[in-house]
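Residue numbers (the numbering used here), protein chains in the order written: chain C, 74 to 243; chain E, 351 to 427.
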């Protein structure tokens, strides 16, 4: 695993997230569930807690955008870059952007599984960089896994716990 | 689908390394230095993905570059 160089970690354990808009590829309920599950992946192994808000600025702002969305990192149409997220800091830090030129899905095998892409991006939102371990969630390239049997790989657990410690409730 | 031409391969690699490995944007007045910089970034990328480290754009390297992925750079920006 790898963490961002510098002090890129949240100084609090209670974080907020907000879904700013939705992809037309999935129902609202499917997007909501994918995002909630993706955050829970990290909450399960750390003391972090995520609360959804519906207005104002959250620590993690989530949006579906296309092309140049004015953050200096334009998307490139279908395939290629699927999403990106910023490490923890004030402002755009922690925010996750998903390329809406991709076809995201909930359970179908056509396109990209939003849960998997989101779980990866939220690793960045919390302070993890890309891992060189091909089995890690934080490996840069997309690999399909079944969301119902997904278990966060050890490399990722070690990485996130190096920043926030373990979940003492489990 | 026909395989990418040499020009396309170079373009794919240059775009990939500029966005993800800090390759400076190519300037036609400094071709030699750009080529050297590209080889260095290619080696970094090949090392990251556990590929054979040649500093050259081979088929395996290009294949990895064409996989769908996260847009966050692999090396510190």
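Here a beta-carbon is modelled for each residue, glycine too, at the ideal position from N, C-alpha and C.
For residue i, list the residues DSSP reports as bridge partners.
i	result
residue 186/C	178/C
residue 122/C	87/C
residue 246/C	Missing from the structure shown is residue 246/C; chain C here goes from 74 to 243 and no further.
residue 214/C	419/E
residue 171/C	137/C and 156/C
By the DSSP assignment, the alpha helix (DSSP H) with residue i in it spans what residues?
i	result
residue 241/C	Here residue 241/C belongs to no alpha helix (DSSP H), and DSSP marks it neither H nor E.
residue 401/E	Careful: residue 401/E lies outside any alpha helix (DSSP H) and carries neither H nor E.
residue 94/C	Note, residue 94/C: premise wrong, no alpha helix (DSSP H); not H, not E.
residue 364/E	356 to 370
residue 110/C	101 to 116
residue 227/C	227 to 237
Buried or exposed: which applies to residue i, given that a residue is buried once 16 or more other Cβ atoms fall within 10 Å of its Cβ?
i	result
residue 167/C	buried
residue 366/E	buried
residue 354/E	exposed
residue 410/E	exposed
residue 371/E	buried
residue 54/C	The question about residue 54/C has no answer, for chain C in this structure spans 74 to 243.
residue 239/C	exposed
residue 127/C	exposed
residue 131/C	buried
residue 217/C	exposed
residue 204/C	buried
residue 229/C	buried
residue 426/E	exposed
residue 233/C	buried
residue 242/C	exposed
Hey, quick one: how far does the beta strand (DSSP E) through residue i stretch, first residue to last?
i	result
residue 134/C	133 to 138
For the ligand SAH, any of its heavy atoms closer than 6 Å to the Cβ of residue i?
i	result
residue 399/E	The ligand content of the structure shown is nil, which means the ligand SAH is not present either.
Practice item. Decide if the stretch 116 to 129 of chain C is in contact with the stretch 386 to 398 of chain E; the criterion is three or more beta carbon pairs, one per stretch, under 8 Å apart. Key: Because the criterion of three Cβ pairs below 8 Å is not met, the stretch 116 to 129 of chain C and the stretch 386 to 398 of chain E do not touch.
Check your understanding: Using 8 Å as the threshold, is the stretch 93 to 106 of chain C in touch with the stretch 171 to 185 of chain C, meaning 3 or more CB pairs across them?
Key -> They touch, by the three-pair rule.
**Study point:** Short-range partners of chain E found in the stretch 197 to 226 of chain C, where Cβ spacing is below 7 Å
**Key:** Taking 7 Å as the Cβ-Cβ cut-off against chain E, the residues of the stretch 197 to 226 of chain C that qualify are 197, 203, 205, 213, 214 and 215.
Exercise for review: Scan the stretch 185 to 197 of chain C for residues whose Cβ lies nearer than 9 Å to a Cβ of chain E and list them as they occur along the chain.
Suggested key: Against chain E - using a Cβ distance shorter than 9 Å - the residues of the stretch 185 to 197 of chain C are 185, 190, 193, 194 and 197.
Practice item. Answer yes if the stretch 220 to 232 of chain C comes into contact with the stretch 127 to 147 of chain C, meaning at least three C-beta pairs across the two stretches below 8 Å, and no otherwise. Key: The answer is no - the stretch 220 to 232 of chain C does not touch the stretch 127 to 147 of chain C, with fewer than three Cβ pairs under 8 Å.
Review point. When the Cβ atoms of the stretch 417 to 427 of chain E are set against those of the stretch 150 to 164 of chain C, are three or more pairs found closer than 8 Å?
Key: Yes, the stretch 417 to 427 of chain E touches the stretch 150 to 164 of chain C.
Practice item. Name, going along the chain, the residues of the stretch 165 to 184 of chain C whose beta-carbon falls closer than 7 Å to a beta-carbon of chain E. Key: Answer in chain order: no residues at all.
**Study point:** Contact list for the stretch 398 to 417 of chain E against chain C, Cβ threshold 9 Å
**Key:** Answer set for the stretch 398 to 417 of chain E: 398, 399, 400, 414, 416 and 417.
Exercise for review: Taking 8 Å as the threshold, find out whether the stretch 78 to 85 of chain C comes into contact with the stretch 194 to 207 of chain C through three or more Cβ pairs.
Suggested key: Judged by Cβ distances under 8 Å, the stretch 78 to 85 of chain C makes contact with the stretch 194 to 207 of chain C, as three or more pairs qualify.
Check your understanding: According to a CB-to-CB cut-off of less than 7 Å, which residues of the stretch 93 to 108 of chain C neighbour chain E?
Key -> For the stretch 93 to 108 of chain C, which is checked against every Cβ of chain E, not one residue is closer than 7 Å.
Check your understanding: Does the stretch 177 to 191 of chain C come close enough to the stretch 101 to 110 of chain C that 3 or more CB-CB pairs lie under 8 Å?
Key -> Three or more Cβ pairs closer than 8 Å define a contact, and the stretch 101 to 110 of chain C meets that threshold against the stretch 177 to 191 of chain C.
**Study point:** Contact between the stretch 131 to 139 of chain C and the stretch 392 to 407 of chain E (3+ Cβ pairs under 8 Å)
**Key:** With the cut-off at 8 Å, the stretch 131 to 139 of chain C and the stretch 392 to 407 of chain E do not touch.
Exercise for review: Can you give me, in chain order, the residues of the stretch 135 to 146 of chain C that have a beta carbon less than 9 Å from any beta carbon in chain E?
Suggested key: Flagged, chain order: 146.
**Study point:** Selection of the stretch 114 to 130 of chain C by Cβ proximity to chain E, strictly under 9 Å
**Key:** Hits within the stretch: zero.
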